[in-house]
Amino acid sequence: MELRGFIICPNCNKTLSASTSRSRKNYYSYYHCCSPCNTRIKVEDAHAYFSSFLKTISLNDNSYALLLELIKERFKEVGKENELGPKHHEQLEEKEQKLKKKKEVFELYKKKLPKMQHFYSQYDKGSVEDKRRLVDSMFPEKFKFENKKVRTTNMNPILLGIANVNRGLRSSKKKRDKSK
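All residue numbers for the sequence shown refer to our numbering, where the first residue is 4 and numbers rise by one.
Here is the structure:
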């Protein structure tokens with residue numbers, strides 16, 4: 004039960020625990036609140052809601068290409084801001100160092116972004132420990148489920164940006180499909 008300790012009760016805002024109960028024939032697992040509110044969410048439901056959320060923050064091919072172009076454009080803008088004028092030749096070495104660092108950061112983005120393309124499958128195939136590490140990196144604070152969706156006040160800003168890019172691409176695709 005990899006989401007134990009990450010989910011907040013939608014009723015009393017306390018952290019949900021997890022346990023498994025046994026009937027005569029089957030086992031049933033739940034994330035549940037220990038406070039008097041007695042909130043219970045089936046583990047299968049919680050994992051389905053969370054998997055649905057992960058799909059919204061995984062980069063598809065189109066959003067990956069768009070995000071890479073946005074990063075390139077941003078680095079070009081930053082490079083233009085730092086162009087030297089004729090009186091600034093003494094600052095050349097300092098500017099070259101900054102440019103070198105920017106190139107290193109860009110290469111790091113290029114190297115790490117492909118891992119975001121298959122975020123959902125990494126989670127799906129990972130061990131419980133890997134899943135918990137991924138969830139912890141995504142949410143600085145805990146999250147809750149409301150209306151079968153993940154809700155949080157604080158999410159990793161990079162993942163939030165990816166979700167926004169994906170949302171924008173989905174809405175423009177829907178508009179194109181309706182116009183056909």
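Ideal Cβ positions, reconstructed from N, Cα and C, are used throughout, including at glycine.
Computed from a predicted structure; not experimentally measured.
Assigned secondary structure, residue i (DSSP; H/G/I helix, E/B strand, else coil)
| i | result |
| --- | --- |
| R7 | coil |
| T59 | helix |
| R27 | coil |
| K17 | coil |
| S130 | coil |
| S32 | strand |
| S38 | coil |
| F109 | helix |
| F53 | helix |
Beta-carbon proximity check, residue i vs residue j, cutoff 8 Å
| i | j | result |
| --- | --- | --- |
| H35 | L19 | yes |
| S186 | V46 | Nothing can be reported for residue 186: it is not among the residues displayed for the chain, which extend from 4 to 183. |
| A49 | F142 | no |
| V145 | I60 | Here residue 145 turns out to be Lys, not Val, going by the sequence shown. No. Outside cutoff. |
| Y52 | K151 | yes |
| V153 | E5 | no |
| C40 | N14 | yes |
| Q125 | L137 | yes |
Counterpart residues of residue i in DSSP-defined beta bridges
| i | result |
| --- | --- |
| V153 | F148 |
| Y123 | Y123 pairs with nothing; no bridge assigned. |
| R43 | H35 |
| S22 | Y33 |
Among the options, nearest to residue i - alpha-carbon criterion
| i | options | result |
| --- | --- | --- |
| G8 | N63, A21 and N14 | A21 |
| Y123 | E107, L70 and L62 | L62 |
| T23 | N16, I44 and K128 | I44 |
| F190 | E72, D133 and K128 | In the structure as shown, the chain begins at 4 and stops at 183. Residue 190 is therefore absent and cannot be evaluated. |
| K105 | R27, E76 and S26 | E76 |
| I74 | E96, N16, Q100 and E107 | E107 |
| K79 | E97, L102, K134 and T155 | L102 |
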